[in-house]
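Q:
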Amino acid sequence: MIKDEEYISFLKSIISCISHGDYYSVKELSYLELEKMNKKMKE
Numbered sequence: 008m009i010k011d012e013e014y015i016s017f018l019k020s021i022i023s024c025i026s027h028g029d030y031y032s033v034k035e036l037s038y039l040e041l042e043k044m045n046k047k048m049k050e
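In the numbering used here, the protein residues as written are 8 to 50.
1) Would you tell me roughly how many angstroms separate the C-alpha atoms of D11 and K43, rounded to the nearest one?
2) Tell me whether E50 sits in a helix, a strand or coil according to DSSP, three-state version.
3) Ignore the nearest five residues each way along the sequence and tell me which others in L36's own chain have a CB closer than 8 Å to its CB.
4) Just the C-alpha distance for S32 and S26, rounded to the nearest angstrom, thanks.
5) If you reduce the DSSP assignment to three classes, tell me which class D78 lands in.
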């Protein structure tokens, strides 16, 4: 699973994008994080 530090960093990135109204980046960041988590689970 994802470590707390990584999750906190991810959430900060999402919050920053939302604060700037950049919802496309939120979608992209979420997609990339999901891919990374799926890779870790397969290993």
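Ideal Cβ positions, reconstructed from N, Cα and C, are used throughout, including at glycine.
A: Per the coordinate set shown:
1) 15 Å
2) coil
3) F17, S20, I21, C24
4) 11 Å
5) As shown, the chain starts at 8 and ends at 50. That puts residue 78 outside it, with no answer to give.
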